[in-house]
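Residue numbers (the numbering used here), protein chains in the order written: chain A, 532 to 823; chain B, 257 to 539.
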Amino acid sequence: NLSSNLDKAFQSLKGESRITDVNIAETVREIRRALLDADVNYEVARQFTADIKEKVMGSGVLTSVNPGQQFTKIVYDELVETFGGERSDIAQAHTPPTVILIAGLQGSGKTTFSGKLARYLKQEHKRNPLLAAADVYRPAAVNQLKTLASQIDVPVYSIEQKDAVRVAKEAVSMAKSLAMDTVIIDTAGRLHVDEEMMNEVAEIKKAVNPDEILFVVDSMTGQDAVNTAKEFNERLNFNGVVLTKLDGDTRGGAALSIKTVVDKPIKFVSTGEKLDAISPFYPDRMAQRILG
Amino acid sequence: FVGKDTVDDETLDELEEILITSDVGVKTTIEIIKRIEKRVARDKFVGQAELQALLREEIVTLLQENTADKPAAFDAPLPNKPHVVLIVGVNGVGKTTTIGKLSYMYKAAGKNVLLGAADTFRAAAVDQLKIWSERAGVPIIEQGQNADPAAVAFDTTAAAKSRGSDIALIDTAGRLHNKKALMDELSKIKRVMSKVVEGAPHEVILVLDASTGQNAMQQAKAFTQAVDITGLALTKLDGTAKGGIVIGISHELNVPVKYIGLGEKIEDLQVFDKKAFVNALFG
Ligand SMILES: Nc1nc2c(ncn2[C@@H]2O[C@H](COP(=O)(O)OP(=O)(O)OP(=O)(O)O)[C@@H](O)[C@H]2O)c(=O)[nH]1
Ligand SMILES: Nc1nc2c(ncn2[C@@H]2O[C@H](COP(=O)(O)OP(=O)(O)OP(=O)(O)O)[C@@H](O)[C@H]2O)c(=O)[nH]1
Ligand SMILES: [Mg+2]
Ligand SMILES: [Mg+2]
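See below:
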């Protein structure tokens with residue numbers, strides 16, 4: 532792990548009493564490598580490592596009894612600070628319903644998360660949510676959402692026509708007329724470079740003016756995470772990020788890349804396939820995970 | 257005339273950045289650079305164009321070839337009848353969609369295809385594959401949600417044999433490779449298939465999402481342990497991710513990339529082309 536690798540790097544520096552540009556190079560390389568191995572974006576890793584180096588110069592790290600450990604702590608603290616505070620808050624509309632839009636790339640876990648969020652809000656916040664099946668393309672997508680919703684006794688709004696904007700609009704009207712206080716809109720997975728599909732989700736946003744837009748990201752995403760996050764943020768100015776499949780063993784560096792580049796809070800993490808596998812985001816746990 | 261026998265640092269730095277940002281990973285990038293330095297020391301080069309060609313060649317050699325007993329081309333003769341293929345991978349990578357595409361391609365090449373809906377766990381998974389079987393115009397064996405996946409795999413293999421199908425494609429539930437019970441279930445699915453057709457499954461294809469980072473190597477290793485992967489399918493290459501993870505995996509585990517997914521429609525699949533893939537890394 533990073534701490535022992537740093538210890539090794541420091542072995543070669545025994546007897547040096549002050550940190551210099553030269554003797555810190557090896558250590559800085561180790562940190563950068565650890566971040567890249569953890570899937571942190573190339574440019575983000577470069578900048579993050581440069582910031583660490585600056586923090587450490589003249590900080591007396593080498594004079595400590597266990598420099599490797601102390602150095603790792605500096606990296607850990609910097610990661611925790613970058614991630615910001617613990618979060619699991621969703622905006623609430625002054626006049627119901629609160630409209631929540633779920634967006635992201637194909638297969639990231641949006642439909643499952645929509646079910647989880649509905650269950651979470653119902654259970655923990657006594658809300659009365661309506662799910663909107665706005666993925667009108669994927670085979671059996673509506674069916675999938677309905678199956679999940681039936682497990683938690685939440686209704687789903689869907690229509691026959693392949694018109695995602697219409698589903699969203701009508702779901703919101705339906706919620707209003709039935710005095711349901713929350714609408715969660717599941718959308719089709721889409722590529723950030725698919726003009727037509729990015730226009731569609733921007734249309735949905737324009738049509739229903741969501742109180743909360745969540746960008747759902749697979750935690751095992753590699754270098755491409757910044758490209759997708761940037762473009763979705765450009766088009767939607769989302770409020771928060773959801774990291775999924777954290778029950779896997781991926782280091783999750785994409786989380787650092789995304790937070791650094793779009794500076795939006797990570798609000799939830801998804802930790803399994805069942806609908807109760809949702810949890811708030813804990814910065815310290817994520818930092819630990821990235822460090823490996 | 258001698259030519260150059262070392263690569264300058266600026267070129268190496270540029271190469272490192274291209275490879276890392278393409279998800280090739282640090283370890284494989286270091287190996288590629290070592291190989292290039294050896295190659296240049298031996299062969300020498302004159303000018304950038306020659307060096308570039310050399311770089312690409314070295315990367316291409318890390319990608320394994322498809323073999324005749326597991327042909328990638330859809331019109332190639334299949335070595336078994338039925339030729340049974342198991343499709344595996346973590347959640348959401350594109351297994352079910354890839355099977356839909358493969359059915360279409362095999363059928364177009366005149367093969368009799370049979371599908372097996374052995375994802376009996378996820379909501380609407382069977383319905384999703386049924387829709388693909390309808391779109392491709394191929395028969396499907398399914399027992400609904402919550403059936404025993406090994407039973408579906410067994411029945412599909414048996415049905416492929418009795419119906420004289422040329423190829424059987426069996427879908428499985430997405431599963432994270434660090435979940436022992438799920439990986440054991442997959443091993444069981446594989447074992448059970450060999451009981452009804454000798455050597456089945458003849459292929460086990462691991463589906464990887466091109467936007468996946470270094471965790472793909474752990475996935476490949478764990479799935480190899482559980483069911484001995486014979487080939488890779490790389491999906492979502494129509495995005496901006498380069499899929500560089502397959503280079504290290506193909507090289508280290510000796511498995512070829514068979515197909516790439518380039519979209520969500522039934523025809524959005526191609527047989528893997530090593531040179532085109534490597535050129536796209538630099539392109
Ligand atoms: N292990 C695990 N699996 C998850 C998690 N979240 C979702 N999944 C699984 O990931 C796969 C994809 O989930 P979906 O909810 O269908 O993803 P999606 O984003 O709606 O997919 P598209 O609509 O096709 O873009 C399914 O097999 C889910 O069960 C998670 O946190 N952990
Ligand atoms: N853009 C693009 N999307 C793809 C590609 N292949 C699959 N998809 C999409 O990825 C999403 C997930 O595909 P599935 O086939 O359900 O993936 P899966 O591996 O079977 O998922 P689980 O069974 O839930 O583990 C769907 O929205 C597909 O349309 C591809 O090559 N390009
Ligand atoms: Mg979905
Ligand atoms: Mg599937």
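All C-beta atoms, glycine included, are put in the ideal place defined by N, C-alpha and C.
### Task
Identify, in the order they occur along the chain, each residue of the same chain with its Cβ nearer than 8 Å to the Cβ of His-339 of chain B, setting aside the five sequence neighbours on each side.
For the purposes of this step, residue 339 of chain B is taken as residue 83 along the second sequence, with counting starting at 1. Counting only Cβ-Cβ distances below 8 Å, and skipping sequence neighbours, we find Asp-422, Ile-423, Ala-424, His-458, Glu-459.
#### Entry: His-339 of chain B, enclosing beta strand (DSSP E) - first and last residue
Reading the second sequence from its first residue, position 83 is the one you call residue 339 of chain B. Its beta strand (DSSP E) spans residues 339 to 344.
### Beta carbon of Ser-467 of chain B nearer than 8 Å to that of Gly-430 of chain B
In the second sequence, counting from the first residue as 1, residue 467 of chain B sits at position 211. In the second sequence, counting from the first residue as 1, residue 430 of chain B sits at position 174. No. Outside cutoff.
### Query
What does the shell around ligand 3 hold, if a residue joins when its beta-carbon is under 7 Å from any heavy atom?
This selection yields A:Lys-641, A:Thr-642, A:Asp-666, A:Arg-669, A:Ala-672, A:Gln-675, A:Asp-717, A:Ala-719, A:Gly-720.
### Query
Closer than 8 Å, CB to CB, is Gly-282 of chain B near chain A or not?
Working through the second sequence from its first residue, we reach residue 282 of chain B at position 26. Residue identity differs from the one stated: residue 282 of chain B is Val in this sequence, not Gly. For Val-282 of chain B, the answer is yes, since a Cβ of chain A falls inside 8 Å of its Cβ.
### Query
In three-state terms, what does DSSP make of Pro-660 of chain A?
The count along the first sequence starts at 1 and reaches residue 660 of chain A at position 129. DSSP places Pro-660 of chain A in strand when its eight states are reduced to three.
### Task
Can you tell me which of the three DSSP states Gly-504 of chain B falls into?
Numbered from 1 along the second sequence, position 248 holds the residue referred to as residue 504 of chain B. Of the three classes helix, strand and coil, the one that applies to Gly-504 of chain B here is helix, per DSSP.
### Query
In whole angstroms, what separates the C-alpha of Asp-375 of chain B from that of Asp-570 of chain A?
Sequence index remark: in the second sequence, residue 375 of chain B carries index 119 (1-based). Sequence index remark: in the first sequence, residue 570 of chain A carries index 39 (1-based). When rounded, the distance between both Cα atoms is 30 Å.
### Query
So, is the C-beta of Asp-375 of chain B closer than 8 Å to a C-beta in chain A?
By 1-based counting over the second sequence, the position of residue 375 of chain B is 119. For Asp-375 of chain B, not one C-beta of chain A is nearer than 8 Å to its own C-beta.
### Query
Cβ-heavy atom distance between Thr-752 of chain A and ligand 4 below 7 Å?
For this step, residue 752 of chain A is matched to residue 221 along the first sequence. Thr-752 of chain A Cβ: outside cutoff for every heavy atom of ligand 4.
### Task
Taking the CB atoms as reference points, tell me whether Leu-632 of chain A and Pro-741 of chain A lie closer together than 8 Å.
Residue mapping note: residue 632 of chain A aligns to position 101 of the first sequence, counting from 1. Residue mapping note: residue 741 of chain A aligns to position 210 of the first sequence, counting from 1. A contact, by the Cβ cut-off of 8 Å.
### Task
Output the residue ranges of the beta strand (DSSP E) runs that lie fully inside the stretch 362 to 405 of chain B and measure 3 residues or longer, sorted by chain position.
369 to 374
### Task
Would you verify that the beta carbon of Ile-276 of chain B is, or is not, closer than 8 Å to some beta carbon of chain A?
Here the question's residue 276 of chain B lines up with position 20 in the second sequence. So yes, Ile-276 of chain B belongs to the interface.
### Task
Check the Cβ of Gly-495 of chain B against every Cβ in chain A and list those closer than 8 Å, keeping chain order.
Taking the second sequence and counting its residues from 1, one reaches residue 495 of chain B at position 239. Going along chain A in sequence order, the residues near Gly-495 of chain B (Cβ under 8 Å) are Leu-636, Leu-722, His-723, Val-724, Asp-755, Thr-759.
### Message
Considering only DSSP beta bridges, list what Arg-618 of chain A is partnered with.
### Response
Taking the first sequence and counting its residues from 1, one reaches residue 618 of chain A at position 87. Partner(s): A:Phe-812.
### Query
Does Gln-578 of chain A have its Cβ less than 8 Å from a Cβ in chain B?
As a first step, residue 578 of chain A must be located in the first sequence, where it is residue number 47. For Gln-578 of chain A, the answer is no, since every Cβ of chain B falls outside 8 Å of its Cβ.
### Query
Using CA coordinates, which residue listed in B:Gln-475, B:Leu-490, B:Leu-310 is at the minimum distance from Lys-260 of chain B?
The residue given as residue 260 of chain B occupies position 4 in the second sequence. Measuring from the Cα of Lys-260 of chain B, the nearest candidate turns out to be B:Leu-310.
### Those runs of the beta strand (DSSP E) which lie wholly inside the stretch 704 to 787 of chain A and span at least 3 residues
Unbroken beta strand (DSSP E) runs of no fewer than 3 residues, entirely contained in the stretch 704 to 787 of chain A, are found at 713 to 718, 743 to 749, 771 to 775, following chain order.
### CB contact check: Thr-752 of chain A to chain B, cutoff 8 Å
Within the first sequence, the letter at position 221 stands for residue 752 of chain A. Chain B contact via Cβ: present.
### Message
I'd like to know if Leu-709 of chain A contacts chain B, where contact means its C-beta is closer than 8 Å to some C-beta of that chain.
### Response
Residue 709 of chain A sits at position 178 when you count from the first residue of the first sequence. Cβ-Cβ to chain B under 8 Å: no for Leu-709 of chain A.
### Message
Could you tell me which whole alpha helix (DSSP H) segments of length 4 or greater appear in the stretch 275 to 346 of chain B?
### Response
282 to 299, 303 to 316
### Message
Measuring only from the beta carbon, is Asn-639 of chain A closer than 7 Å to any heavy atom that is part of ligand 1?
### Response
If you number the first sequence from 1, residue 639 of chain A lands on position 108. Position check: residue 639 of chain A holds Ser in this sequence, whereas Asn was assumed. Under cutoff, so the answer is yes.
### Query
Relative to ligand 4, is the shortest distance from any of its heavy atoms to the C-beta of Asp-491 of chain B smaller than 7 Å?
Against the second sequence, residue 491 of chain B aligns to sequence position 235. The sequence shown places Thr at residue 491 of chain B, not Asp. False, no ligand heavy atom lies under 7 Å from that Cβ.
### Message
Residues of chain A with CB closer than 7 Å to the CB of Ala-379 of chain B, please, in chain order.
### Response
Within the second sequence, residue 379 of chain B is the residue found at index 123, counting from 1. Within 7 Å Cβ-Cβ: Gln-675, Thr-678, Leu-679.
### Query
Which one of B:Ala-332, B:Thr-480, B:Ser-506, B:Gln-526 has the shortest CA to CA distance from Val-344 of chain B?
The residue labelled residue 344 of chain B in the question sits at position 88 within the second sequence. Cα-wise, what sits closest to Val-344 of chain B is B:Thr-480.
### Thr-678 of chain A: first and last residue of the uninterrupted alpha helix (DSSP H) it sits in
Taking the first sequence and counting its residues from 1, the one referred to as residue 678 of chain A is at position 147. Thr-678 of chain A -> alpha helix (DSSP H) spans 672 to 682.
### Message
Could you give the first and the last residue of the continuous alpha helix (DSSP H) run that contains Thr-629 of chain A?
### Response
The residue labelled residue 629 of chain A in the question sits at position 98 within the first sequence. Element bounds for Thr-629 of chain A: not the alpha helix (DSSP H) but the beta strand (DSSP E), 629 to 635.
### Length of the line joining the Cα atoms of Asn-768 of chain A and Thr-802 of chain A
Here the question's residue 768 of chain A lines up with position 237 in the first sequence. Here the question's residue 802 of chain A lines up with position 271 in the first sequence. One C-alpha to the other measures close to 25 Å.
### Start and end residues, alpha helix (DSSP H) containing Phe-799 of chain A
The residue you call residue 799 of chain A lines up with position 268 of the first sequence. Run containing Phe-799 of chain A: none in the alpha helix (DSSP H); it sits in the beta strand (DSSP E), 797 to 801.
### Message
Looking at the strands, I want to know which residues DSSP matches up with Val-793 of chain A.
### Response
Indexing the first sequence from 1 puts residue 793 of chain A at position 262. Val-793 of chain A pairs with nothing; no bridge assigned.
### Task
Express the C-alpha separation of Val-341 of chain B and Ala-680 of chain A in angstroms, rounding to a whole number.
Position 149 of the first sequence, counting from 1, holds the residue named residue 680 of chain A. Position 85 of the second sequence, counting from 1, holds the residue named residue 341 of chain B. So the two alpha carbons sit approximately 33 Å from each other.
### Task
Within 10 angstroms of the Cβ of Ser-535 of chain A, are there 16 or more other Cβ atoms? Answer buried if so, exposed if not.
Your numbering for residue 535 of chain A matches position 4 in the first sequence. Classification for Ser-535 of chain A: exposed.
### Task
Would you verify that the beta carbon of Leu-767 of chain A is, or is not, closer than 8 Å to some beta carbon of chain B?
Your numbering for residue 767 of chain A matches position 236 in the first sequence. Output row for Leu-767 of chain A: interface = no.
### Message
Nearest by alpha-carbon distance to Ala-664 of chain A: which of A:Ser-810, A:Asp-794, A:Lys-657, A:Ser-689 is it?
### Response
The residue labelled residue 664 of chain A in the question sits at position 133 within the first sequence. Checking every option, the nearest Cα to that of Ala-664 of chain A belongs to A:Ser-689.
### Task
Specify whether the stretch 314 to 326 of chain B and the stretch 430 to 443 of chain B touch according to this definition: at least 3 beta carbon pairs, one from each stretch, less than 8 Å apart.
no
### Query
Does the beta carbon of Thr-354 of chain B fall short of 7 Å from some heavy atom of ligand 1?
For the purposes of this step, residue 354 of chain B is taken as residue 98 along the second sequence, with counting starting at 1. No.
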